[in-house]
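Trainee: Below: one structure in structure tokens.
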Amino acid sequence: MAGPVQAGGARTLDLLRALPRVSLANVKPNPGSRKPERRRRGQRRGRKCGRGHKGERQRGTRPRLGFEGGHSFRRQYQPLSLNRLQYLIDLGRVDPTQPIDLTQLVNGRGVTIQPLKRDYGVQLVEEGADTFKAKVNIEVQLASELAIAAIEKNGGVVTTAFYDPRSLEILCKPVPFFLYIYIYIYHNEILLSHQKG
């Protein structure tokens, strides 16, 4: 019984050795499995030319990048919970004796503000209101009533302020902005001294 099985196995191995190796060069679909594409006139197969039905997309007048359909952009505010604020104070990243503004929160790595991605500031949320115990003077863009109540209960003050995107960008990273002004003034002074001398 072992003889015929061996012979069959040997025959299979011989057949496998004789077959060509499978590679991308010799792989193709079975005949009749793919229907040939119907020839249509016009660019990219004719009829609608792959552009769909009517409207801006078919007519080729696509809106500019970032266009959201004619309405105002949605303003996004990064959430800052009272838990996170207490954590930043406990670590010493934020000084509760000084007024806490956007610059101090960004420098303390409490929040990340990206004005180019439609961030308009910080929203103070009430998560951790029952455990918050610091007396702070904080300036944010939005704040919930419970968060305001929790801060005022400890003797703190909450101020809300709105900034346009350019001012927000300067507030988040003031050093590059003022460094550019300093370099501009410095170069003008050098030019004036060369003109006089």
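The sequence shown: position 190 = 190 (UniProt numbering), numbered continuously. For each residue, glycine too, the CB sits at the ideal point set by N, CA and C.
#1: Which one of Gly-60, Asn-137, Phe-73 has the shortest CA to CA distance from Leu-116?
#2: Mapping the DSSP letters down to three states, classify Asn-154 as helix, strand or coil.
#3: Give the C-beta separation of Glu-139 and Asp-101 to the nearest angstrom, bearing in mind that I take them to be a contact with Cβ-Cβ under 8 Å.
#4: Thinking C-beta only, is Gln-123 closer than 7 Å to Pro-79?
#5: In angstroms with no decimal places, state the Cα-to-Cα distance between Leu-65 and Gly-156.
#6: Give me the residue from Lys-133, Gln-98, Cys-49, Ala-129 with the minimum Cα distance to Ser-144.
#7: Below 7 Å CB to CB, which residues in the same chain sit around Lys-28 once its five sequence neighbours on both sides are set aside?
#8: Please return the same chain residues whose Cβ sits closer than 7 Å to the Cβ of Arg-109, not counting the five positions on each side in sequence.
#9: Using the three-state DSSP reduction, which class does Ile-89 fall into: helix, strand or coil?
#10: Can you give me the Cβ contacts of Arg-62 inside the same chain, cut-off strictly under 8 Å, excluding the 5 residues immediately before and after it?
#11: Pick from Leu-16, Gln-76, Gly-70: whose alpha carbon is nearest that of Tyr-120?
#12: Can you tell me which of Leu-13, Ala-147, Arg-118, Ala-134 puts its alpha carbon nearest to the alpha carbon of Glu-169?
Mentor: Checking against the coordinates, here is how it stands:
#1: Ranking Gly-60, Asn-137, Phe-73 by Cα distance to Leu-116 puts Phe-73 first.
#2: DSSP, read as helix, strand or coil, puts Asn-154 in coil.
#3: With a Cβ gap of about 5 Å, Glu-139 and Asp-101 count as contacting.
#4: For Pro-79 and Gln-123, yes; Cβs fall inside 7 Å.
#5: So the two alpha carbons sit approximately 44 Å from each other.
#6: Nearest C-alpha to Ser-144 among Lys-133, Gln-98, Cys-49, Ala-129: Ala-129.
#7: Non-local C-beta neighbours of Lys-28 in its own chain, meaning closer than 7 Å and more than five positions away in sequence, are absent.
#8: Same-chain partners within the cutoff: Arg-93.
#9: Ile-89 sits in a helix when the DSSP states are folded into three classes.
#10: Cβ neighbours of Arg-62 beyond the five flanking positions: Glu-56.
#11: Out of Leu-16, Gln-76, Gly-70, the CA that lies nearest to the CA of Tyr-120 is found in Gln-76.
#12: Checked all of Leu-13, Ala-147, Arg-118, Ala-134; the closest Cα to Glu-169 is Arg-118.
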